[in-house]
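As structure tokens, the structure follows; a few thoughts come after it.
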Amino acid sequence: MLFFHLFNASPIAMILIRSSDGVYVDVNPAAELLLGSSRAEMVGHVRGEFERAISAQDRDRISALLSAEGRVPAYPLRVTNRDGSVRDCLLYSEIIELEGQSHILSYLVDLTQQQRTTQALAQAEYKYRTLLDATPDAMIIVNLAGQIMVVNAQAERFFGYTQAELLGMSIEQLIPARFHQNHQTLRDTYFVDPPHQVLHATSNIYALRKDGSECPVEISLSYYTIGAEQVVISTVRDVSERKRAEVQLRESEANYRYLFEHNPHPMWAYDLETLQFLAVNDVAVAKYGYTRDEFLSMMIIDIRSPEDVSRLYADLAHIRQAIDHSTGWRHRCKDGSIIDVEISSHILTLSGRKAALVVAQDVTARIQAERALRESEARFATIFERSPVALALTRRSDYQLIEVNAAFLTLAGYTRQQAIGRTTVELGLWGRPQDRAQVLATLHANGQVSGYETLLHPLSGADRAVLLSGEMVEIAGELCQLIQILDITDRTRAEQALRELNQTLEQRVEQRTAEVHDLYERAPTGYYSLDADATILRINQTALDWLGYPREAMLGRPITDFLTPEAQAFFPQSFAAFKAYGLARNIDVQFIRSDGSILPTLVNATAIYDDAGCYVMSRTTIFDNSDLKRAENALRQVNAELARAARAKDEFLANMSHELRTPLNAILAFSEVLLEQIYGPLTARQQESIRAIDTSGRHLLELINDILDLSKVEAGRLDLEITTVSISEVCYASMQFVKEQALRKSLHLNIRLNDQLADMQVDAKRLKQMLVNLLSNAVKFTPASGTISLDVTVDSAEGIVHFAVRDSGIGIAPEDMSRLFLPFSQLDSALSRHHEGTGLGLALVRRLADL
75 MLFFHLFNAS PIAMILIRSS DGVYVDVNPA AELLLGSSRA EMVGHVRGEF ERAISAQDRD
135 RISALLSAEG RVPAYPLRVT NRDGSVRDCL LYSEIIELEG QSHILSYLVD LTQQQRTTQA
195 LAQAEYKYRT LLDATPDAMI IVNLAGQIMV VNAQAERFFG YTQAELLGMS IEQLIPARFH
255 QNHQTLRDTY FVDPPHQVLH ATSNIYALRK DGSECPVEIS LSYYTIGAEQ VVISTVRDVS
315 ERKRAEVQLR ESEANYRYLF EHNPHPMWAY DLETLQFLAV NDVAVAKYGY TRDEFLSMMI
375 IDIRSPEDVS RLYADLAHIR QAIDHSTGWR HRCKDGSIID VEISSHILTL SGRKAALVVA
435 QDVTARIQAE RALRESEARF ATIFERSPVA LALTRRSDYQ LIEVNAAFLT LAGYTRQQAI
495 GRTTVELGLW GRPQDRAQVL ATLHANGQVS GYETLLHPLS GADRAVLLSG EMVEIAGELC
555 QLIQILDITD RTRAEQALRE LNQTLEQRVE QRTAEVHDLY ERAPTGYYSL DADATILRIN
615 QTALDWLGYP REAMLGRPIT DFLTPEAQAF FPQSFAAFKA YGLARNIDVQ FIRSDGSILP
675 TLVNATAIYD DAGCYVMSRT TIFDNSDLKR AENALRQVNA ELARAARAKD EFLANMSHEL
735 RTPLNAILAF SEVLLEQIYG PLTARQQESI RAIDTSGRHL LELINDILDL SKVEAGRLDL
795 EITTVSISEV CYASMQFVKE QALRKSLHLN IRLNDQLADM QVDAKRLKQM LVNLLSNAVK
855 FTPASGTISL DVTVDSAEGI VHFAVRDSGI GIAPEDMSRL FLPFSQLDSA LSRHHEGTGL
915 GLALVRRLAD L
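Written out as structure tokens, the structure is:
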């Protein structure tokens, strides 16, 4: 009993788990309160609630410690109650041997006493409510006015009302109207002197159900004072069956009525010669499960377990007339279950037959409880002794130690013989003696003390920091104090180390803050921040140096005070857009320096908003844009010079084309006249010379035309004449233009036209010029007997016509593709010695295609 009380009265949560399968063996009320689960939900189930309540990291660490060391000393962790609340706790766990099996004994110290007390009260209320609902009789609590305050579940079932309907109802509503006057009188009489009274069914007391039916009842009244409220607890028992039995008893023999009247225990009579049942009462029928007829057809040995039959016959041989009490009997019920009973019997004559009258009392629950109590006491004794938390039990009367565990002896440094019978003062365990008075005052005033930090002075002399908790408990009628002592010396040292670390970190933060401030102030970029009114909130030293103002001259003033008039005009609209969208990138802004000069800058900014989405301030960077502005001015001057040079070139080309074409046309005309021998015949040598003059002149004319066309394209003065033309006609005309040159080199010319080709809107002259240039270039660089093809395809989806000239010439290296369409350029200078050309044809094709 001692250790059972210690386990259940302890304010520290205790959990006992079998190591082999993880099944919860026992938990105390403090553990139920801490985890938020009832004992019934945990005991007998595989571990889960405690593992659910802690983090995976803590769970793994605890498991590792248990595996490595077999114990967990003062492990701090956070426990999540099933209701979601979080507690800071200290865990002590140890693997112990109990009843030949390995178990894990864990202590969880909840440092939040107020919440634990509240939960304990709630648990107690739930327990008593459960007990109230489990009572087989209807129970009703009423106040002095007869108003119903509390009912149990059986009252709801018996009367047919719901709890909500019964609460607040007058008790007279549950009594037939004809009894109202009498009941009111009885109630008033009862409250004059309210001892315990029983109003039996024989007093014609009836209950009125919701459906209007009446039922005879037995009412037991108990008077209580709850706070300032005086109430009566009424136990209402349905005695309908009993009333019917009483009617039968009155019709039976007088001795039979006497035998069975009002007995709450199973009773029967059996013939001592035949062992046949002669009579049984209703309780026996209900208890054993047999009907009355079945009982009366059975013998007494039919309800005895086989091992009790021989003992029964031995007892019958020594039957006495006096009342005989015997224990240790086991009876078998109809469903096969065995119950433990105590028997009281005596001999009588029943209807002329010698019989034994027996009263049987079911003591199964009591025996099981006694057995469980013995087992529990042994288990709790082991738990107490093997607990890693130092535990001590002292008498309230003299404060002497009456029980301590091994952890206490280890912590204090004393043997059991030295400790038991002495006080903590006599042992000199108080490192701070003044703390003892405070602890005892709190313990006596509140019935408990929790988490009181003090010093323990063990026999070794080295003081230990401890956390002391205690609770007043009653054991065997004597008021005692259960004390738990947690050694937190290591934790205290760790806390001191943590404080020192925090101090070091604070110093480092201050150092880093100074570095960040210096970086902000001396950055190569200017920084400033504006509030919603564009007032300067902060600005770094770099920006101040650029502008030449002291910090106090700029802070608190609108940014527009330092902008040029052009920038001021632009600022309101741009700042409103910035506050709305939160971003500004590469904005040109001109500031006025303190000396009146202009500082061109490039501004970037990000907006800062509060949780409601309202603008708070900007984070703005500015770059000195002076060098870039000077470069842009220089570039504009260069572009202007280039434009003037281009115009001069165009004028030169226009003049030169006229001056060159005039004599060339005359030379070509006279060459043509001479070749036709209008002025007389020419020798073969003369004809060859005249043809050379004609060829060179025409080549020079083509060169001049290409240069002029290219110049017009680049100057944007070449006008296209768009007309509807036949693609095939343009292609064949272009191919005809190079046909004679191709025949001289025995080249094969091919044209492949798409069937979808028809007419298109194009400048026919320029298209032909492009095709002829491409074909002429192909003829020029294709060796004799080679092939040249012109492929024309249509992309209907895109509305595009593709012209492609292919040849079997020398080809073009990939790295030379970028130079292919450059003016006056040939890819290989050696080719220019074998193939005439200026390098303008492909360049002109590229320019015309870009149009």
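When we follow this note's numbering, the leftmost residue of the sequence shown carries the number 75, and every step to the right adds one.
Note that CB positions come from ideal geometry on N, CA and C, so glycine has one too.
Being a predicted model, the structure only gives us computed values, none of them experimental.
Along the chain, where does the alpha helix (DSSP H) containing residue i start, and where does it finish?
i, result
"MET628", "625-628"
"PRO632", "Counting along the chain, PRO632 falls outside any alpha helix (DSSP H), and DSSP gives it neither H nor E."
"PHE124", "123-127"
"PHE369", "366-370"
"PHE253", "First-last for PHE253: undefined, no H or E at that position."
"ARG113", "113-116"
"VAL383", "380-390"
In the DSSP assignment, what residue or residues form a beta bridge with residue i?
i, result
"ASP662", "LEU676"
"TRP620", "DSSP, once it has assigned bridges, lists no residue as partnering TRP620."
"GLY544", "VAL523, ILE557"
"GLU168", "ARG145, LEU179"
"TYR98", "ILE91, VAL117"
Helix, strand or coil: how does DSSP classify residue i here?
i, result
"PRO737", "helix"
"ASN713", "helix"
"MET966", "With the chain represented from 75 up to 925, any question about residue 966 goes unanswered, as that position is not in the structure."
"PRO85", "coil"
"ASP607", "coil"
"GLU173", "coil"
"ALA722", "helix"
"GLN830", "coil"
"CYS163", "strand"
"GLN491", "helix"
"TYR753", "coil"
"ILE549", "strand"
"ASN956", "Within the shown structure, residues of the chain are numbered from 75 to 925, placing residue 956 beyond reach of any answer."
"ASN707", "helix"
"GLN221", "strand"
"LEU821", "coil"
"LYS428", "strand"
"ALA681", "strand"
"GLU292", "strand"
Roughly how many angstroms separate the alpha carbons of residue i and residue j, rounded to a whole number?
i, j, result
"VAL101", "GLU115", "10 Å"
"HIS591", "GLU584", "10 Å"
"ILE741", "LEU756", "17 Å"
"ASP607", "PRO632", "8 Å"
"TYR149", "GLU125", "15 Å"
"ASP409", "ALA87", "41 Å"
"LEU370", "TYR344", "9 Å"
"ASP865", "ARG826", "5 Å"
"ALA358", "VAL99", "36 Å"
"VAL540", "THR563", "7 Å"
"ALA360", "ILE417", "18 Å"
"MET213", "ASP207", "9 Å"
"THR276", "ILE293", "Note that THR276 scores 42 on pLDDT, short of 50, meaning its location in the model is unreliable and no value can be drawn from it."
"LEU918", "GLU776", "12 Å"
"ILE375", "VAL117", "39 Å"
"LEU604", "GLY670", "23 Å"
"LEU218", "ALA281", "20 Å"
"GLU545", "ARG378", "49 Å"
When the Cα of residue i is compared with those of the options, which residue comes out closest?
i, options, result
"SER850", "GLN492, GLU814, HIS876, GLY525", "GLU814"
"GLY174", "LEU848, SER94, ILE682", "SER94"
"SER400", "ARG152, ARG406, VAL432, ILE613", "VAL432"
"PHE877", "ILE801, VAL812, SER870, LYS839", "ILE801"
"GLU288", "VAL747, THR263, GLN247, ILE307", "GLN247"
"VAL31", "ARG469, GLY487, GLU459", "No statement about residue 31 is possible, as the shown extent of the chain runs from 75 to 925 and does not include it."
"GLY885", "ILE874, VAL868, THR861, ALA871", "THR861"
"ARG135", "LEU151, ALA127, VAL120, LEU702", "LEU151"
"LEU260", "GLN512, LEU295, GLN228, THR236", "LEU295"
"LEU611", "GLU626, ASN847, PRO598", "GLU626"
Over what stretch of residues does the beta strand (DSSP E) that includes residue i continue unbroken?
i, result
"HIS591", "Segment 563-595 is the alpha helix (DSSP H) holding HIS591; no beta strand (DSSP E) there."
"TYR689", "689-698"
Would you say the beta carbon of residue i is closer than 7 Å to some non-hydrogen atom of the ligand FAD?
i, result
"LEU248", "The ligand content of the structure shown is nil, which means the ligand FAD is not present either."
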